[in-house]
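K.L.:
Residue numbers (the numbering used here): 1 to 140. Every residue, glycine too, gets a C-beta built ideally from N, C-alpha and C. My structure is below; once you've seen it, I'll send some questions.
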């Protein structure tokens, strides 16, 4: 996997993924930025949420669950001193569908956390306290 990060002036950077997609990262005005993109640490949190949500949806589909929507809400805390690493991340999955089995949703979240989500498992191994919960919304 490769990435290229190009400085675009002031506190803005363009990140290009190995697959050719580009994202804008920018700092807040008090750090010389113009607030035109996500912060790099926000990007990391988005990546963790995306990785885990991808797993949960994939596992639910493979187990033939009629999932129609899955949102991951992440709440993170960071250290107050430099380096301001993540210390805690809580993930809440809101899974919507028809006839979803709670055991299958629970299993999907656990498998992502314990086996498949490389991003969250890596951060957990680095000492970040990562917790999970889920909510099932039955669609009529």
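1) Quick check on this structure: which residue in 4, 67 and 46 has the alpha carbon closest to the alpha carbon of residue 22?
2) Let me check one thing: in DSSP terms, what residues is residue 75 bridge-paired to?
3) According to the neighbour-count rule (16 or more other Cβ atoms, all chains shown, within 10 Å of its Cβ), is residue 126 buried or exposed?
4) Is the shortest distance between the beta-carbon of residue 128 and the beta-carbons of chain B less than 8 Å?
5) Nearest to residue 19 by CA position, among 40, 2 and 109, is which residue?
6) So, at 7 Å on beta carbons, what are the nonlocal neighbours of residue 99 in its own chain, with the 5 sequence-adjacent residues on each side left out?
P.N.:
Taking the geometry as given:
1) Here residue 22 corresponds to residue number 22 of the chain shown, with the count starting at 1. Comparing Cα positions, the closest option is 4.
2) For the purposes of this step, residue 75 is taken as residue 75 along the chain shown, with counting starting at 1. Answer is 90, bridged to residue 75.
3) Reading the chain shown from its first residue, position 126 is the one you call residue 126. The residue in question, residue 126, is exposed, as its Cβ has fewer than 16 Cβ neighbours within 10 Å.
4) Absent here is chain B; the protein component of the structure consists of one chain.
5) Reading the chain shown from its first residue, position 19 is the one you call residue 19. When only C-alpha atoms are compared, the closest one is 2.
6) Residue numbering aside, residue 99 sits at position 99 when the chain shown is read from its first letter. Taken in chain order, the residues that qualify are 66.
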